[in-house]
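These notes concern the structure reproduced below.
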Amino acid sequence: MSNRLKKMSFSTIMLWAGMFFLYAPMFILVIYSFNESKLVTVWGGFSPKWYGELFRDQQILDAVWTSLRVAFFASTMAVILGTMAAFVMTRFKRSWGKMTLSNMITAPLVMPEVITGLSLLLLFVHMADLFGWPAERGMLTVWIAHSTFCAAYVAVVVSARLRELDQSIEEAAQDLGATPLKTFFYITVPMITPSLMAGWLLSFSLSLDDLVIASFASGPGATTLPMVVFSSVRMGVSPKINALATLIILTVSLIAFISWYFARRSEKKSLPPAM
Amino acid sequence: MKKPLTFKLPKGQCWTIGVPYFWLLLFFALPFAIVLKISLSTAAISIPPYESLFNYADESLQILLNLGNYLLIFDDSLYLYAYLGSLKMAFITTLGCLLIGYPMAYAIARAPKEKQTLLILLVMLPSWTSFLIRVYAWMGILSNNGVINNILLWSGVISEPIQMLNTNFAVYIGIIYSYLPFMILPLYATLSQLDGSLLEAASDLGSRSLNTFWKITLPLSKGGVIAGSMLVFIPVVGEFVIPELLGGPDSLMIGKVLWQEFFNNRDWPVASALAIVMLGLLIIPITLFHRYQSRSMEKEV
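So this is what it looks like as structure tokens:
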């Protein structure tokens, strides 16, 4: 018994040490974002002045707006593509086409980003050569690139949910004369809505976060936020970036906890009331 | 072959499989073919900066394959060191993630059911807040006048700041920190499905807990260990941002070299050849990951 307790406590200690490792850097960043001093690591008193500076920086504001728009459209497209692929992977008969599709859709999960980015850029250059489209790289090409790699994550999330679903309800609807399309929109979609939302949010944050693929796929007209942050961080640490980081951390934590709350609520709803 | 397929599938199903299929062929499979093609062409000072493989003149089609880019990669020790450096970095960081991540995943899987989702959310949360910013946070912690050096100086342990930023040590920390959640998630997925009665049976039969762990828990979680390790190992081989921000001149990694060849030297054929060789190195880990992925999918059905 004492032996078991010792092992339990070892993994529990590791869990909290790991959590400290994961969160300490972010807390330090938040604290230093209120640093008066221009030197990032020397404490010069409390001041929110870098937040003011941040909101006067037009370049950063433009990049935020570009990133948000790209992320919105990319995650929407990723949910459409990923859900279709997940549907094929879980509902269609085993076939050569299905296997290739599921291999292709999960490949971007592990592919090094430099390879994906490079290959997409070369594709766009070729297409521009052959058909004159896309004439120049910009938001559209970043959107295509992000939709493609986010679809992989959506497919994994949605197919896990589709596999758990009771297919007899869908079959019943079709027996009662509903077309496959109608069954999908009236029966399947409402049941997988939480995973669609989770997939959308995941894609949104992945797209907002991506630096490498966006750098390859974008042109002069479309600079995303990570690209601006990267070029300014390369020059050295700047207190404005601390303020920006704090805002990002706060927003993401808020969204994560809201979605966790809704997921828990819908889980509770699906259980019988006695539980 | 094509006809019976279209007859079998109703119109709606054609669309469902056709749209993502077409999209992925166009934006995922075709680009690799193009990378392969450009890796065999010759660099040139033009837009785009390489020469065409095909040349059609006087009713004859000439195809010029240039293997020089590949020969260059195997000849120049810089590239060789970059590949070896990447593989070493990926191997050590995967091991580090496994050593830290396994006990964490184990503790979460053993926690009360209602606590598990919250703990997993806490593990995943950092990976949703910008990856770039978390790497940047380490720049502030590890630099010469950063948090760690300040504390050590203040407490009198050291009298001179230790150089940590721009070393391989910083890159190891940064990569383990960034990829840890990707290790924990698949490990937790397999560990939480572990049949507890097997562990009870082992302890009833008098097995010590460490023995039970080696003989039962670890072998049963092999799938999670493989998936997690591949999710860390493969992307780390191509990592560019972390060595660029935290590493120094001696932290040579292939992703960084590829980036420089492409953006700074504008040598697209060599960059493409570097990517192809990198893919070749990663074929085995990628197939390993896919085999695990499809096996775990079949098991659930």
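From first to last, the protein sequence lines stand for chains A and B.
If you count by the numbering used here, then the first sequence holds residues 51 to 325, one letter each, in order.
If you count by the numbering used here, then the second sequence holds residues 18 to 318, one letter each, in order.
No residue lacks a Cβ here, since even glycine has one placed at the ideal position from N, Cα and C.
These numbers come from a predicted model, not from an experiment.
First through last residue of the alpha helix (DSSP H) which encompasses A:SER218 = Counting from one through the first sequence, the residue named residue 218 of chain A turns up at place 168. First-last of the alpha helix (DSSP H) with A:SER218: 217-225.
In chain order, which continuous runs of the beta strand (DSSP E) of length 3 or greater are located wholly inside the region 186-258 of chain B?
-> none
Interface flag, A:TRP250 vs chain B, CB-CB below 9 Å | The count along the first sequence starts at 1 and reaches residue 250 of chain A at position 200. Against chain B, the CB of A:TRP250 has no partner CB under 9 Å away; the residue lies outside that interface.
What are the residues of the region 61-74 of chain A that lie near chain B, defined by any Cβ-Cβ distance shorter than 9 Å?
-> SER61, THR62, ILE63, MET64, LEU65, TRP66, ALA67, GLY68, MET69, PHE71, LEU72, TYR73 and ALA74
Option in A:LEU118, A:THR198, A:MET64 and A:PHE70 with minimal Cα separation from B:PHE44 | Taking the first residue of the second sequence as 1, we reach residue 44 of chain B at position 27. The shortest Cα separation from B:PHE44 among A:LEU118, A:THR198, A:MET64 and A:PHE70 belongs to A:THR198.
Own chain, CB closer than 6 Å to B:MET181, minus 5 neighbours either side, in chain order = As a first step, residue 181 of chain B is located in the second sequence; it is residue number 164 there, counting from the start. Counting only Cβ-Cβ distances below 6 Å, and skipping sequence neighbours, we find LEU159 and ALA187.
Is the distance from the Cβ of B:GLY240 to the Cβ of B:ARG312 below 9 Å?
-> Along the second sequence, read from residue 1 onward, the residue named residue 240 of chain B stands at position 223. Along the second sequence, read from residue 1 onward, the residue named residue 312 of chain B stands at position 295. Cβ atoms of B:GLY240 and B:ARG312: closer than 9 Å.
Which of helix, strand or coil does DSSP assign to A:ASN85?
-> Against the first sequence, residue 85 of chain A aligns to sequence position 35. Correct three-state label for A:ASN85: strand.
Using a Cβ cut-off of 9 Å, pull out every chain A residue sitting near B:TRP155, in sequence order please.
-> In the second sequence, residue 155 of chain B corresponds to position 138, counting from 1. Under the 9 Å cutoff, chain A gives PRO75.
Taking the continuous alpha helix (DSSP H) assigned at B:LEU42, which residues delimit it?
-> Numbered from 1 along the second sequence, position 25 holds the residue referred to as residue 42 of chain B. Looking at the DSSP string, B:LEU42 is not in any alpha helix (DSSP H), and its letter there is neither H nor E.
Counting only beta-carbon atoms, is B:PRO236 nearer than 9 Å to chain A?
-> Sequence index remark: in the second sequence, residue 236 of chain B carries index 219 (1-based). Cβ-Cβ to chain A under 9 Å: no for B:PRO236.
Mind checking whether A:PRO244 and A:ARG213 have CB atoms under 9 Å apart?
-> For the purposes of this step, residue 244 of chain A is identified with residue 194 of the first sequence, where counting begins at 1. For the purposes of this step, residue 213 of chain A is identified with residue 163 of the first sequence, where counting begins at 1. No, the pair does not count as a contact, with Cβ atoms beyond the cut-off.
Take B:LEU65 and list the residues in its own chain whose beta-carbon comes closer than 8 Å to its own, dropping the five residues that flank it on each side.
-> Your numbering for residue 65 of chain B matches position 48 in the second sequence. As written in the sequence, residue 65 of chain B is Pro, which differs from the Leu given in the question. So the qualifying residues of the chain are TRP285.
Could you check the C-alpha separation between B:ARG308 and A:TYR73 for me, to the nearest Å?
-> Within the second sequence, the letter at position 291 stands for residue 308 of chain B. Within the first sequence, the letter at position 23 stands for residue 73 of chain A. Rounded to the nearest angstrom, the two C-alpha atoms are 34 Å apart.
Do A:LEU180 and B:ILE51 have their C-beta atoms closer together than 9 Å?
-> Taking the first residue of the first sequence as position 1, residue 180 of chain A is located at position 130. Taking the first residue of the second sequence as position 1, residue 51 of chain B is located at position 34. Their beta carbons are not under 9 Å apart, which means A:LEU180 does not touch B:ILE51 by this criterion.
Presumed contact (8 Å Cβ cut-off) between B:LEU248 and A:VAL204, rounded CB distance = Along the second sequence, one-based indexing puts residue 248 of chain B at 231. Along the first sequence, one-based indexing puts residue 204 of chain A at 154. Between A:VAL204 and B:LEU248 the Cβ distance is about 17 Å, and since that is not below 8 Å, they are no contact.
Residues near B:ILE259 by beta carbon distance below 8 Å, same chain, minus five either side = Residue numbering aside, residue 259 of chain B sits at position 242 when the second sequence is read from its first letter. Only VAL152, VAL188, GLY191, ILE192 and SER195 meet the Cβ criterion.
Chain A within 9 Å of B:PHE60, Cβ atoms only = Here residue 60 of chain B refers to the residue found at position 43 of the second sequence. Note that residue 60 of chain B corresponds to Ala in the displayed sequence, not to Phe. It does not: the Cβ of B:ALA60 has no partner Cβ on chain A nearer than 9 Å.
Cβ contact check for the region 200-210 of chain B and the region 224-243 of chain B: 3 or more pairs under 8 Å = yes
Does B:GLU256 come within less than 9 Å of chain A when only Cβ atoms are used?
-> Walking along the second sequence from the start, residue 256 of chain B turns up at place 239. It does: the Cβ of B:GLU256 has a partner Cβ on chain A nearer than 9 Å.
What residues from chain B crowd round A:SER83, counting only those whose CB sits closer than 7 Å?
-> What you label residue 83 of chain A is simply residue 33 of the first sequence in a count that begins at 1. Chain B residues near A:SER83: none, gap ~11 Å exceeds 7 Å.
Which term fits A:ALA324, buried or exposed, when burial requires 16 or more other beta carbons within 10 angstroms of its beta carbon?
-> For the purposes of this step, residue 324 of chain A is taken as the residue at position 274 of the first sequence. Summary for A:ALA324: the model assigns pLDDT 41, below 50, so the residue's position carries little reliability; its value from the coordinates is reported in the next sentence. If you draw a 10 Å sphere on the C-beta of A:ALA324, you find fewer than 16 other C-beta atoms in it, and that means exposed.
Three CB pairs or more closer than 8 Å across the region 184-191 of chain A and the region 267-285 of chain A = Taking 8 Å as the limit for Cβ pairs, the verdict is that the region 267-285 of chain A does touch the region 184-191 of chain A.
By the 10 Å Cβ neighbour count, where 16 or more other Cβ atoms means buried, how is A:ILE165 classified, buried or exposed?
-> Counted from its first residue, the first sequence places residue 165 of chain A at position 115. Residue environment analysis places A:ILE165 among the buried positions, since at least 16 neighbouring C-beta atoms fall within 10 angstroms of its C-beta.
Kindly indicate if chain A contains any beta-carbon less than 9 Å away from that of B:MET181.
-> Residue numbering aside, residue 181 of chain B sits at position 164 when the second sequence is read from its first letter. Output row for B:MET181: interface = no.
Find the residues of chain B that neighbour A:SER218, judging by a C-beta separation of less than 7 Å, and give them in chain order.
-> The sequence position of residue 218 of chain A within the first sequence is 168, counting from 1. Simply none; closest approach about 15 Å.
Burial state of B:GLN9 (16 or more Cβ within 10 Å) | Summary: the structure shown does not reach residue 9 of chain B, with chain B confined to residues 18 through 318, and so no result is reported for it.
Could you tell me the boundaries of the beta strand (DSSP E) in which A:SER268 lies?
-> Along the first sequence, read from residue 1 onward, the residue named residue 268 of chain A stands at position 218. Looking at the DSSP string, A:SER268 is not in any beta strand (DSSP E), and its letter there is neither H nor E.
Exposed or buried, which one is A:ARG141 when buried takes at least 16 other CB atoms within 10 Å?
-> As a position in the first sequence, residue 141 of chain A is number 91, starting the count at 1. Label assigned to A:ARG141: buried.
To the nearest angstrom, report how far apart B:ILE201 and B:SER69 are at their CA atoms.
-> Taking the second sequence and counting its residues from 1, one reaches residue 201 of chain B at position 184. Taking the second sequence and counting its residues from 1, one reaches residue 69 of chain B at position 52. Rounded to the nearest angstrom, the two C-alpha atoms are 46 Å apart.
For the beta strand (DSSP E) that B:ILE80 lies in, which residues bound it at each end?
-> Within the second sequence, numbered from 1, the residue matching residue 80 of chain B stands at position 63. B:ILE80 -> beta strand (DSSP E) spans 77-80.
Length of the line joining the Cα atoms of A:SER253 and B:GLY85 = What you label residue 253 of chain A is simply residue 203 of the first sequence in a count that begins at 1. What you label residue 85 of chain B is simply residue 68 of the second sequence in a count that begins at 1. So the two alpha carbons sit approximately 40 Å from each other.
Counting contacts by CB-CB distance shorter than 9 Å, is B:GLN310 in contact with chain A?
-> Within the second sequence, the letter at position 293 stands for residue 310 of chain B. It does: the Cβ of B:GLN310 has a partner Cβ on chain A nearer than 9 Å.
Candidates B:GLN79, B:LEU101, B:LYS54 and B:GLY35: closest to B:LEU298 by CA position | Position 281 of the second sequence holds residue 298 of chain B. Per the Cα distances, B:LEU101.
Closer than 8 Å: is that where the CB of A:MET277 sits relative to any heavy atom of the ligand MG?
-> The ligand MG is not part of the structure shown, which contains no ligands of any sort.
Under 9 Å between C-beta atoms of A:PHE84 and A:PRO98 = On the first sequence, position 34 is the one that residue 84 of chain A refers to. On the first sequence, position 48 is the one that residue 98 of chain A refers to. In contact: A:PHE84 and A:PRO98 (Cβ atoms closer than 9 Å).
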